[in-house]
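Novice: Please find one structure pasted underneath; my questions will follow.
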Amino acid sequence: MKKKKGLFVSIEGGEGTGKTTQTKLLTKYLAKKGYKVELTQEPGGTRTGKLIRKILLDPNHNEIDKLTELFLYLADRAQHVKEVIIPALGKGKAVICDRFIDATVAYQGFGRGISLKLIDNLNRLVTQGVKPDLTICLDLGPREGLSRAKSKYAKSTRKNLKAGDRLEKESISFHKKVRIGYLVLARREPRRVKIIKVVPPASKTYSLIKKFVDKIL
1 MKKKKGLFVS IEGGEGTGKT TQTKLLTKYL AKKGYKVELT QEPGGTRTGK LIRKILLDPN
61 HNEIDKLTEL FLYLADRAQH VKEVIIPALG KGKAVICDRF IDATVAYQGF GRGISLKLID
121 NLNRLVTQGV KPDLTICLDL GPREGLSRAK SKYAKSTRKN LKAGDRLEKE SISFHKKVRI
181 GYLVLARREP RRVKIIKVVP PASKTYSLIK KFVDKIL
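1 is the number of the first residue of the sequence shown in UniProt numbering; add one for each residue after it.
Now the structure itself:
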């Protein structure tokens with residue numbers, strides 16, 4: 001039997017867009033298609049990454065400078081690519097990643113105002129040239145997305161609904177810039193990045209994702 005070629009799909013989007021739900025559904029779908037699936041995330045896809053994630057999302061770390069934030073995400077990605085993504089693709093697995101390079105462009109580039117050229121160059125360095133075959137970007141208005149995300153955070157941590165993690169506590173204007181960043185990325189790389197409007201129920205969004213995935217199988 002011919003060995004399957006590795007497949008790399010990233011799921012992107014702002015806060016509360018349902019990425020976690022969709023990555024799990026897509027994992028089951030590709031497993032049924034015969035793939036061995038590596039479901040992972042950024043930040044936090046490795047043991048080192050989990051420590052970085054804890055720092056990045058801790059709402060008590062308000063002192064983190066935007067460049068410190070950028071390099072923490074890049075450090076997480078460098079380890080993740082070397083330890084998880086490249087080995088999985090080499091084994092012919094399907095890698096499903098909750099956030100990847102485009103999140104850095106949207107959040108640190110458009111959101112924080114860091115040079116897009118710098119981010120692109122650093123992304124190329126830490127990924128060793130690895131790029132998703134397909135990126136699904138889930139699009140939802142920031143206010144609705146943040147409401148969803150904070151509700152989820154409150155349930156998982158048993159904290160006040162207004163709390164949220166460090167990024168969820170950012171202003172609406174910040175999250176609007178992030179959303180614009182994703183839309184710009186889709187225009188810049190239309191063959192790879194596909195925008196899907198989030199509409200209930202989750203199964204409807206999932207059916208749209210499957211259509212794009214089927215085209216690259």
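Don't be surprised by glycine CBs; every beta carbon is placed ideally from N, CA and C.
#1: With respect to the beta strand (DSSP E) encompassing Ile119, which residues constitute its N-terminal and C-terminal limits?
#2: Measuring alpha carbon to alpha carbon, tell me which residue in Glu170, Lys28, Arg166 and Arg77 is nearest residue 219.
#3: Taking C-beta to C-beta, are Glu83 and Thr46 nearer than 9 Å?
#4: Is Asp76 helix, strand or coil when you go by DSSP?
#5: Count the other CB atoms, across all protein chains shown, that sit within 10 Å of the CB of Ile96; report buried if there are 16 or more and exposed otherwise.
#6: What residues are listed by DSSP as bridge partners for Thr40?
#7: Helix, strand or coil, according to DSSP, for Lys197 in the structure here?
#8: Okay, do the segment 68-76 and the segment 1-20 touch, 3+ Cβ pairs below 8 Å being the bar?
#9: Quick check: the segment 115-122 against the segment 92-106, are at least 3 beta-carbon pairs closer than 8 Å?
#10: Report, in whole angstroms, the separation of the C-beta atoms of Ser10 and Arg99, which I expect to be a contact under 8 Å.
#11: Tell me whether Val81 is buried or exposed, calling it buried when 16 or more other Cβ atoms sit within 10 Å of its Cβ.
#12: Can you list, in chain order, the residues of its chain with a C-beta nearer than 7 Å to that of Thr21? Leave out the 5 residues immediately preceding and following it.
#13: Kindly indicate which three-state DSSP category Leu161 falls into: helix, strand or coil?
Specialist: In short:
#1: Note, Ile119: premise wrong, no beta strand (DSSP E); alpha helix (DSSP H) at Leu116 to Thr127.
#2: The shown model of the chain, from 1 to 217, leaves out residue 219, and the question about it has no answer.
#3: yes
#4: helix
#5: buried
#6: Cys97
#7: strand
#8: no
#9: yes
#10: 7 Å
#11: buried
#12: Ala202
#13: The predicted model places Leu161 with a pLDDT of 46, which falls under 50 and marks its position as unreliable; any figure quoted below should be read in that light. DSSP places Leu161 in coil when its eight states are reduced to three.
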